[in-house]
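Peer 1: Numbering (the numbering used here), first residue to last: 233 to 823. Even for Gly, the Cβ is constructed at its ideal location relative to N, Cα and C. Computed from a predicted structure; not experimentally measured. Structure in structure tokens, see below.
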């Protein structure tokens with residue numbers, strides 16, 4: 233409970249920080265709007281009483297004054313509503329301009345191990361789904377609630393002055409509506425949380441059916457009907473659940489509406505006696521009953537819906553701050569030491585197992601790499617090659633032992649600063665569907681000013697995609713029809729070019745060419761070794777022929793470095809290496 237209110241308080245502070253002027257103006261307008269119905273009762277009472285008491289002693293001028301006063305309050309109510317609507321739009325835009333910066337920063341700082349969890353992927357999907365709408369809706373519905381609370385309070389004061397303690401019936405009715413609305417709002421967001429995983433699957437099926445990326449295989453393998461049936465089954469289930477929930481909410485709202493109308497009739501009955509006894513004027517009764525029925529109508533439609541939506545948005549707010557909390561974990565894990573270049577890497581008795589598992593992938597692993605040498609990590613699948621890369625990159629911090637960079641503990645460095653010194657091309661490299669030039673400059677502190685450097689690198693890697701019609705500013709990918717489509721091999725060369733042209737002092741190539749045949753992979757790796765001079769580089773492969781030109785090869789087995797040295801040294805001294813190489817040497821007959 234305390235956590236919920238803490239989250240709400242944090243959200244209010246956040247909104248005031250990113251949209252203070254419009255939020256404060258909306259608050260003032262809301263209070264004025266909430267007081268107007270009570271003021272209208274007073275003015276309407278005087279107007280009706282003046283008309284009823286019209287005699288020769290009360291001239292027409294008095295009636296006209298009361299009429300214009302009544303009309304002025306109605307006009308003021310209309311004007312406040314118009315201005316209110318305008319500032320809601322301003323408020324929403326202010327939130328939109330600022331909230332995404334905060335959210336991108338939060339996701340950037342979430343630890344990699346947390347992002348790998350399906351529950352946290354669902355969390356990110358829910359939180360990133362139009363946050364400005366969620367937060368502006370929270371403001372709007374909270375202010376709607378405040379408006380009707382002020383209105384109910386002012387009407388309660390007016391009624392209390394006339395009939396005393398019996399007026400508490402208004403407060404009782406409001407509490408009943410609040411209880412019903414709270415249950416409805418909570419159920420709506422609970423369903424959103426429950427179905428977020430299914431919605432992610434439905435969205436993926438959507439992309440398989442419609443996106444250009446899947447067009448070739450969609451036609452080749454004729455999987456449209458099968459995927460469409462899967463989509464229909466998942467989507468139908470979500471629609472049915474939502475329809476069931478809508479029926480429940482509708483029933484709850486109508487129940488609240490009936491209760492409010494019953495209360496309104498009870499108020500009329502409570503006023504009849506005092507009017508008959510002359511304690512209440514006929515003007516007050518008519519004006520108050522009119523206000524009560526108007527309020528009942530609005531409360532049943534708007535107040536209940538606003539309260540329901542607030543409890544729905546409270547669920548969103550809870551998720552929003554959960555994402556912020558996840559980002560704090562990474563911030564407190566690393567220090568703030570700056571890193572200019574990576575000169576050495578050392579593992580001292582490092583052991584590591586992935587979160588949620590019991591088996592150690594690395595066990596007391598120790599080695600040292602230094603200088604601008606060309607290293608290779610080899611071993612069978614599961615030996616721990618890629619895990620070492622993830623630890624060097626700082627993706628996981630809950631390892632045992634010590635990792636030293638330049639003889640300083642890795643945890644002392646700034647995570648953001650450290651990441652700029654490491655460039656990695658992995659087997660599942662990202663395909664950024666922007667221009668060639670933007671692809672190359674991604675992650676750089678300073679963009680490359682001399683485009684000939686890029687063109688030279690493309691030429692060295694035999695990346696011959698540019699023509700008279702296709703230049704570095706041409707967009708690539710499948711998002712738009714005019715984009716240039718690349719083959720898998722071309723995407724690989726672009727990713728390798730980005731790494732080789734980066735400002736990083738450590739280059740890691742984690743089987744980016746695994747889809748190529750062994751001879752082609754060996755040629756690419758030889759090119760990488762040649763082009764990565766003056767920088768430390770690490771090649772990773774389970775194909776020994778591809779990395780035999782490396783200066784120092786580290787042989788991993790059962791999570792440990794069993795031996796390291798040149799290809800010739802390992803062939804002489806390691807039975808495992810010799811056995812692995814002899815099994816694979818047939819792949820390189822032309823080498």
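Just the C-alpha distance for residue 248 and residue 383, rounded to the nearest angstrom, thanks.
Peer 2: Cα to Cα, residue 248 sits roughly 25 angstroms from residue 383.
Peer 1: Thinking C-alpha only, which one of 806, 799, 663, 590 is nearest residue 789?
Peer 2: With distances taken between Cα atoms, residue 789 lies closest to 806.
Peer 1: Can you give the Cα-Cα distance for residue 259 and residue 511, rounded to whole angstroms?
Peer 2: Near 37 angstroms, if we compare the C-alpha coordinates of residue 511 and residue 259.
Peer 1: Can you tell me which residues form a DSSP beta bridge with residue 685?
Peer 2: Per DSSP, none; premise fails for residue 685.
Peer 1: Using the Cα positions of residue 296 and residue 302, report the straight-line distance between them to the nearest angstrom.
Peer 2: Taking the straight line joining both Cα atoms gives about 10 angstroms.
Peer 1: Out of 718, 810, 476, 401, which one is the CA nearest neighbour of residue 501?
Peer 2: Ranking 718, 810, 476, 401 by Cα distance to residue 501 puts 401 first.
Peer 1: Could you check the C-alpha separation between residue 479 and residue 243 for me, to the nearest Å?
Peer 2: Rounded to the nearest angstrom, the two C-alpha atoms are 31 angstroms apart.
Peer 1: Could you please give the first and the last residue of the uninterrupted beta strand (DSSP E) stretch that includes residue 657?
Peer 2: Its beta strand (DSSP E) spans residues 654-658.
Peer 1: Count the CB pairs spanning the segment 632-640 and the segment 794-801 that are closer than 8 angstroms, and state whether there are at least three.
Peer 2: Touching, no, given that fewer than three Cβ pairs across the two stretches are closer than 8 angstroms.
Peer 1: Whose C-alpha, out of 271, 683, 280, 323, is nearest the C-alpha of residue 256?
Peer 2: Residue 256 has its Cα closest to that of 323, out of 271, 683, 280, 323.
Peer 1: How would you write the range of the beta strand (DSSP E) that residue 786 sits in, first residue to last?
Peer 2: Per DSSP, residue 786 belongs to the beta strand (DSSP E) from 784-789.
Peer 1: Taking the CB atoms as reference points, tell me whether residue 777 and residue 815 lie closer together than 8 angstroms.
Peer 2: No, the pair does not count as a contact, with Cβ atoms beyond the cut-off.
Peer 1: Less than 8 angstroms between the C-beta atoms of residue 652 and residue 677, yes or no?
Peer 2: Their beta carbons are under 8 angstroms apart, which means residue 652 touches residue 677 by this criterion.
Peer 1: Looking at the strands, I want to know which residues DSSP matches up with residue 707.
Peer 2: The partner list for residue 707 (beta bridge, DSSP) reads 667.
Peer 1: Determine the closest residue to residue 616 out of 671, 568, 673, 742, with distance taken between C-alpha atoms.
Peer 2: The residue with the shortest Cα to Cα distance from residue 616 is 742.
Peer 1: Which same chain residues end up closer than 7 angstroms to residue 308 when comparing Cβ atoms and leaving out the 5 residues on each side of it in sequence?
Peer 2: Once the five neighbours on either side are set aside, the close Cβ partners of residue 308 are 268.
Peer 1: With a Cβ-Cβ cutoff of 8 angstroms, do residue 662 and residue 744 count as a contact?
Peer 2: No, the pair does not count as a contact, with Cβ atoms beyond the cut-off.
Peer 1: Using a Cβ-Cβ cut-off of 6 angstroms (strictly less than) and excluding sequence neighbours within five positions of residue 736, which residues of its own chain qualify?
Peer 2: Excluding positions up to five away in sequence, the list reads 653, 654, 655.
Peer 1: On the CB-based measure, 16 or more other CB atoms within 10 Å of its CB, does residue 515 come out buried or exposed?
Peer 2: Buried, since its Cβ has 16 or more Cβ neighbours within 10 Å.
Peer 1: Taking the alpha-carbon positions, what's the residue 624 to residue 643 distance?
Peer 2: Cα-Cα distance, rounded: 11 angstroms.
Peer 1: I think residue 327 touches residue 367, with their Cβ atoms under 8 angstroms apart; what is that distance to the nearest whole Å?
Peer 2: Contact flag correct, Cβ pair sits at about 5 angstroms.
Peer 1: Give a yes or no on whether the minimum CB-CB distance between residue 794 and chain C is below 8 angstroms.
Peer 2: Checking the listed chains, one finds no chain C in this structure; it contains a single protein chain.
Peer 1: Which of the three DSSP states is assigned to residue 749 in this structure?
Peer 2: Coil.
Peer 1: Starting from the C-beta of residue 312, find all residues in its chain whose C-beta is less than 8 angstroms away, skip the five residues before and the five after it, and write them out in chain order.
Peer 2: The residues are 261, 264, 265, 268.
Peer 1: What residue ranges within the segment 563-633 form continuous alpha helix (DSSP H) runs of no fewer than 4 residues, ordered along the chain?
Peer 2: Within the segment 563-633, the complete alpha helix (DSSP H) runs of at least 4 residues are 617-625.
Peer 1: So, with DSSP's three-state summary, where would you put residue 288?
Peer 2: At residue 288, the pLDDT of 48 sits below 50, so the modelled position is not reliable; the number obtained from the coordinates is stated separately. Coil.
Peer 1: Tell me which residue opens and which closes the alpha helix (DSSP H) that residue 739 is part of.
Peer 2: That residue, residue 739, is in no alpha helix (DSSP H); its beta strand (DSSP E) goes 738-742.
Peer 1: Whole-angstrom Cβ separation of residue 583 and residue 602, contact assumed at under 8 angstroms?
Peer 2: Not confirmed; about 23 angstroms, so no contact.
Peer 1: With respect to the alpha helix (DSSP H) encompassing residue 680, which residues constitute its N-terminal and C-terminal limits?
Peer 2: Residue 680 -> no alpha helix (DSSP H), and no H or E assigned at all.
Peer 1: Could you pull the start and end residues of the alpha helix (DSSP H) that residue 720 belongs to?
Peer 2: Residue 720 -> alpha helix (DSSP H) spans 720-732.
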